[in-house]
Structure formats: structure tokens, C-alpha cells
Amino acid sequence: MPGRKEAEFVNTLAGVGKIVDLIYDTPAFISCFEPLMYIDLEGEQLGRNGSVSLMTVLVYPGEGLERIYVIDIYTLGNITFEVVGGRDKSFKNILESPEISKVFFDVRRDSEALFAHYGVSLRGVWDLQLMDSAARPRTEQRRLLSGLAKCMQFAPLTNAQKAEWTLCKNQGDLVWNPDKGGSYSAFNKRPLPGEILRYCAGDVAYLPGMYKKYASKSARWRSFVFRASQKRVTESQGERVQPEGKERALSPWTAEEHRMLDSWTEVNSGRSYLSQSQQDDLYEQSLEDHRNEQLREDDLYETWLTG
4 MPGRKEAEFV NTLAGVGKIV DLIYDTPAFI SCFEPLMYID LEGEQLGRNG
54 SVSLMTVLVY PGEGLERIYV IDIYTLGNIT FEVVGGRDKS FKNILESPEI
104 SKVFFDVRRD SEALFAHYGV SLRGVWDLQL MDSAARPRTE QRRLLSGLAK
154 CMQFAPLTNA QKAEWTLCKN QGDLVWNPDK GGSYSAFNKR PLPGEILRYC
204 AGDVAYLPGM YKKYASKSAR WRSFVFRASQ KRVTESQGER VQPEGKERAL
254 SPWTAEEHRM LDSWTEVNSG RSYLSQSQQD DLYEQSLEDH RNEQLREDDL
304 YETWLTG
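Using this note's numbering, you'd call the opening residue of the sequence shown number 4 and step up by one each time.
What follows is the structure, encoded as C-alpha cells:
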């Protein structure tokens, strides 16, 4: 990807230990300004009922210094989170530390899988999907959540970067996505296909810029989103969590929270992070995507009924 270092595939415990040391060796003052880590997981039916194959970690000590690692959870297994580095700290320590900020885009499945399979209880989480939702100025624009591809349309990227990101995502989809002729087994194939490595890197490569865009708002707004992010983590660990369902496309905000966000000038102001036309387009696109997903689920259900 333009301006980005190539992702490094890590399939040894020594390699995992080096990443842990890199994170703990980063001066504390750096992580005070913005999150140090951006994370995404891949696997077959990711969640408590599925499996984890890969964990992509972008370590961000500063602009131009970021490093992307794709860790081979499929090969290394539970020990990935237990192996310690030179400071006698593990990845589990990192993921559960409230002092080390970690950014996910829609943390629900990742958190559910980490907790169910590896006993990892995430803390210090920022959920970019919730940040995107809370940044919209009107209640009706917050009814539905946007996926990463939608948010990337308005990310602070050049046209060339957006085109490259889309290409990498499309190529990866063809390899792993069953709906496009691929197979989840691609995440477990070794050597790891280059398309999958680039696909994984694309899920985190531009998240720092997206985070900066949203996090420029007030302290009360950031505190509101941070609490909502941690609430999402807690809910993902509950026994009643539904891994599938149309309600997952709905925002979590209560009527009172919508009214509160509507009233905040840092949200509903002339300095909105999107133009009005962009907001309307994004909302209409989200509605259409949600309708299509409903139709697809209904078709699958009818197929199941008729056998």
C-alpha cells in the first residue's frame, strides 16, 4: 500500500515476544497522545462458535514509524497470548491493560473470540465504528452502523490510497469469502497467500488516520465513546450474545443518548466531519446495505426451511 511498510508474517514464539517487547519499550509519553495499537482478527465464523486464524496488529509509535504484524494464531494457538518477552510481559497482559489503548473497528466478534477461546478480557478499547456513529450530527443518521468500507470512503486518504485499499480487499475477498468463490480455509493455508496478508494489513493500515479524524472532538465526546466501547466488550462476553442477527446493524444509542449527541456542538455543528450531502449519502447507503442484508438472510432462511 502506498506509503505503508509491508506487513510481516509472524509464526514463531520468538517473533511474538519481540512484538510484546516493542510495545512495552515504547516510551510512555508517546502512547499518551494517541493509541499505540490497532488490531483486527480473522478466522472461520469468528466468535465463540468459530475459530481464530490470524491477528493483525499495527503498532503505531508515530507517523511513518508504524509496523504491521500478522500473527499466526492458527499455528501457535493459546501460547501466543502467554509467551513473555524480555520484560516478563505477554500479549494477554497487553490486551487486558487499561493503560495501553487499543483500537478496533467493530470490536464485538474479536472480543467474543478472544474471551471465549483464550480467556482474554479486553480493556482500554476504542471502537472506531462507534466513533463514526457518534460523530454524526443527527439522530436519524445514527440509526444504522457503517462498515469499514463505508467509513473508508470518508477517511483522510488520497484517491490512490483508496483505490489500492479497495483492490487489496477485493483480491482478498476472492480468496477467503465463500460468497465470492473463496474459502475460510485460506486463513489457515501455509504459506499464507499474499492476497490474505495484504487483506489483513488493509484492515488496520489506515485506522490511525481515521482515529485522528474522529478523536479531535471534545473530552466529553471521547469519554462517551470510550465508555460505549468498553460496554460493547463486556456485552460480547455475555452468554446471551447473539453472533448473528439484524439487530447487529443498529447503533447502541438510547433515545436519551441520541438527544444528548444532537445537542452537543462538537457533534452538531457547521464543522461536521462530513458535508451534509455526504452524511445523507452515507445514511442512504447504510439503509440500502441493511435492506440487502435482510433480503439475503430471508433467502437463506427460506432455503433452510425448504431443504
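Cβ coordinates follow ideal geometry from the N, Cα and C atoms, glycine included.
Pair within 9 Å by beta-carbon distance, residue 158 and residue 216: yes
Span separating the alpha-carbon of residue 122 from that of residue 131: The alpha-carbon atoms of residue 122 and residue 131 are separated by roughly 23 Å.
Distance CB(residue 207)-CB(residue 76) smaller than 9 Å: no
Coarse secondary structure for residue 78, derived from DSSP in three states: Correct three-state label for residue 78: helix.
Distance between residue 251 and residue 83 (C-alpha atoms, nearest Å): 30 Å
Proximal residues to residue 273 (C-beta, below 7 Å), its chain only, five neighbours per side dropped: Unreliable positioning characterises residue 273 in this predicted model, as indicated by a pLDDT of 47, which lies under 50. The coordinate reading is nonetheless provided below. Within the same chain, residue 273 has no close Cβ partners at all.
CA-to-CA distance, residue 141 to residue 275, given in whole angstroms: With a pLDDT of only 47 at residue 275, under the threshold of 50, the placement of this residue in the model should not be trusted; the figure read from the coordinates follows. C-alpha separation (whole angstroms): 11 Å.
Unbroken beta strand (DSSP E) run spanning residue 42, endpoints: First-last of the beta strand (DSSP E) with residue 42: 40 to 45.
DSSP-derived helix/strand/coil call for residue 19: helix
7 Å CB neighbourhood of residue 185 in its chain, flanking five on each side removed: 176, 177, 178, 179
Contact under 9 Å by Cβ, residue 145 with residue 232: no
CB contact flag (residue 38, residue 106, <9 Å): yes
Residue 170, buried or exposed, once every other Cβ within 10 Å from all chains shown has been counted against 16: exposed
From 15, 65, 172, residue whose alpha carbon lies closest to that of residue 344: Absent from the model: residue 344. The displayed extent of the chain is 4 to 310, so no value can be given.
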